[in-house]
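In UniProt numbering, the protein residues as written are 1 to 309.
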C-alpha cells in the first residue's frame with residue numbers, strides 16, 4: 001500500500017516537472033521570438049534612420065513615425081503619455097505608444113548616485129532629494145551636467161535638459177534631452193545609443209513629451225509632494241544655469257546681461273559670512289534716542305550704587 005502510494009506520488013511529481021519544463025520552453029521560445037522581432041525592427045529602423053540623415057527619403061516611413069505599440073486596442077497609459085515612462089514597463093495593462101523619431105531623447109538611468117539608490121531613506125519625506133542640494137549628490141549632479149551638456153550640444157541646439165532625482169527605478173537618474181529640431185536628435189541618437197558612460201552602457205530612445213509642465217511634479221519645488229519617493233511624475237534637479245543654455249523659464253523672464261546670470265539663476269547657495277559689525281548711520285532722531293537712553297542708564301547706575309553703600 002505504501003509502495004503504491006509512493007509510486008503515484010513520484011508519477012505526479014514527474015508529470016508536474018514535465019508540465020513546468022514545457023512551460024519554460026514555451027516561455028523561452030516566446031522571449032526569443034520577441035527578441036528576434038525587436039532585432040529586425042531595430043535593423044529596419046536604423047536603415048531608415050540612415051536614409052533620413054542622408055536625405056534619401058522624401059517622406060518619413062511609418063517606422064519613423066510610430067515604432068510600435070504595446071497594446072493597440074487599449075486606452076493609453078496616462079503616465080506614459082506624460083512622462084514617457086511607466087513603473088509597470090511594457091507589462092502595463094494600458095497602451096504604450098513608442099515614437100519612431102522625435103525631438104526628445106531619453107537616456108534611461110544615466111545619472112547614478114548612492115544618494116538616489118539609498119533604500120534606507122525615510123519613505124515619508126515629502127521630497128528628500130531637496131535636502132541634498134548642498135551635499136555630494138547635488139555636487140556630483142553639477143559635475144554630471146557640465147560633463148554631458150557639451151556632448152549633447154555637439155549634435156545641435158539643446159532646448160531642454162532634465163535629470164530626474166526620483167527614487168523609483170523606472171525614473172531614477174533618467175536624463176531627458178530635447179533638441180530644437182528632429183535632425184539633431186537623430187544625430188545624437190545614432191552617436192550615443194549603446195555608447196558607454198560611467199562604466200555602463202547607455203540605453204537611449206526617442207520619446208514624446210508634449211508638455212514639461214505636465215511631466216514634472218508641480219509640488220516638488222514647493223516640497224509638498226505627498227507621494228515623495230514613490231511619485232510617478234518627474235522630480236528633477238535644478239540645472240546650473242549657463243549663458244549658452246536656454247531653459248523653459250528663460251523665455252518667461254527678461255533678458256539679463258551675462259554678468260548677472262549667475263547671481264539670479266544659479267541654485268548654488270552663497271556661504272553665510274558674518275559681516276563686520278558697524279554702527280548704524282545716525283539721524284537726529286536716533287541721536288536723541290541714544291543720548292536719552294545713555295542718560296537714563298547712567299542715572300539708574302548712580303541710584304543703584306547710592307542705595308548699596
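Glycine included, C-beta positions come from ideal geometry on N, C-alpha and C.
Look at residue i and residue j and say whether their C-beta atoms are less than 9 Å apart.
i	j	result
residue 145	residue 158	no
residue 178	residue 105	yes
residue 45	residue 100	yes
residue 192	residue 156	no
residue 41	residue 27	no
residue 203	residue 91	no
Quick check: what's the CA-CA separation for residue i versus residue j?
i	j	result
residue 216	residue 234	4 Å
residue 268	residue 224	Because the pLDDT at residue 268 is just 37, under 50, the model does not fix this residue reliably, and the point stays unresolved.
residue 29	residue 237	42 Å
residue 201	residue 112	12 Å
residue 184	residue 22	48 Å
residue 12	residue 19	11 Å
residue 137	residue 116	8 Å
residue 239	residue 74	37 Å
residue 211	residue 227	21 Å
residue 24	residue 190	36 Å
residue 15	residue 60	53 Å
residue 10	residue 1	14 Å
residue 53	residue 222	43 Å
residue 194	residue 140	23 Å
residue 219	residue 213	11 Å
residue 246	residue 160	Caution is warranted here: a pLDDT of 49 is assigned to residue 246, below 50, making its placement in the model unreliable, and no coordinate value can be reported.
residue 256	residue 206	Note on residue 256: pLDDT 36, under 50, position unreliable in the model; no value is reported.
residue 151	residue 17	53 Å
residue 102	residue 50	15 Å
residue 198	residue 39	26 Å
residue 8	residue 110	55 Å
residue 182	residue 31	32 Å
residue 80	residue 4	57 Å
residue 37	residue 65	18 Å
residue 6	residue 33	41 Å
residue 142	residue 154	19 Å
residue 47	residue 56	11 Å
residue 276	residue 180	Model confidence at residue 276 stands at a pLDDT of 38, short of 50, so the residue's coordinates are unreliable; what they give is reported in the following sentence. Going by the C-alpha atoms only, they are around 50 Å apart.
Within the present structure, is the beta-carbon of residue i separated from the nearest heavy atom of the ligand NAD by less than 8 Å?
i	result
residue 22	The ligand NAD is not part of the structure shown, which contains no ligands of any sort.
Assuming the contact rule is C-beta atoms closer than 8 Å, residue i and residue j should be a hit. Round their C-beta distance to whole Å, please.
i	j	result
residue 231	residue 166	7 Å
residue 176	residue 209	7 Å
Kindly identify the DSSP beta-bridge partner or partners of residue i.
i	result
residue 232	None; residue 232 has no bridge partner.
residue 160	178
residue 68	98
residue 85	Answer is none; residue 85 lacks a bridge partner.
residue 197	200
residue 206	105
residue 50	Residue 50 pairs with nothing; no bridge assigned.
residue 216	234
residue 76	95
The segment 73-93 contacting the segment 163-181, beta-carbon criterion three pairs below 8 Å: The segment 73-93 vs the segment 163-181: in contact.
Contact between the segment 62-71 and the segment 86-101 (3+ Cβ pairs under 8 Å): For the pair of segments examined, the segment 62-71 was found to touch the segment 86-101: the number of CB pairs separated by less than 8 Å reaches three.
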